[in-house]
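Sequential numbering of the sequence shown, starting at 793, is according to the working numbering.
Just so it is clear, CB atoms sit at the ideal spot from N, CA and C, and this is done for glycine as well.
Structure record follows, encoded as structure tokens.
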Amino acid sequence: MQAQTQAAMILNGIAGVGPVAAKRLREAFDGDLAAALSAEKSRLAALPGIGKTLAEKISAWREHFDPEKEERALAAYG
């Protein structure tokens, strides 16, 4: 799976990241959502409309999401 598609899928699964927050992240990271996932929490929190709470959720995505597991599950469904 492409990095940007995977990053979009991960962000979509984070509570609080809706279309507006995703757009702000895309704009702040020049369209690179994978960069948003690896960004420092302080940088994310400084973005308009993101804030500390959502920045913490984004920074902790690895604790709640296993991309490889999701890919295997999708492959199992054909």
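Inspect the beta-carbon positions of alanine 954 and leucine 825 and report whether they are closer than 9 angstroms. For the chain, the structure presents residues 793 to 870; residue 954 sits outside this window and is missing.
Does DSSP classify glycine 843 as helix, strand or coil? Locating residue 843 in the sequence shown gives position 51, where the first residue counts as 1. DSSP places glycine 843 in helix when its eight states are reduced to three.
Hey, would you say lysine 861 sits closer than 9 angstroms to valine 809, going by beta carbons? Residue mapping note: residue 861 aligns to position 69 of the sequence shown, counting from 1. Residue mapping note: residue 809 aligns to position 17 of the sequence shown, counting from 1. In this structure, valine 809 does not lie closer than 9 angstroms to lysine 861 by Cβ.
What does the alpha-carbon distance come out to for the pair leucine 866 and glutamate 855? Numbered from its first residue, the sequence shown carries residue 866 at position 74. Numbered from its first residue, the sequence shown carries residue 855 at position 63. Those two C-alpha atoms are separated by around 20 angstroms.
Can you round the beta-carbon distance between leucine 817 and alanine 828 to whole angstroms, since I take them to be within the 8 angstroms contact cut? Counted from its first residue, the sequence shown places residue 817 at position 25. Counted from its first residue, the sequence shown places residue 828 at position 36. That pair is a contact at about 4 angstroms.
Is the beta carbon of alanine 837 less than 9 angstroms from the beta carbon of phenylalanine 821? The sequence position of residue 837 within the sequence shown is 45, counting from 1. The sequence position of residue 821 within the sequence shown is 29, counting from 1. Cβ distance not < 9 angstroms, so alanine 837 and phenylalanine 821 don't count as in contact.
Spatial neighbours of proline 859 within its chain, please: CB distance less than 8 angstroms, with the 5 preceding and 5 following residues excluded, ordered by chain position. Locating residue 859 in the sequence shown gives position 67, where the first residue counts as 1. Met793, Gln798, Met801, Ile802, listed in sequence order.
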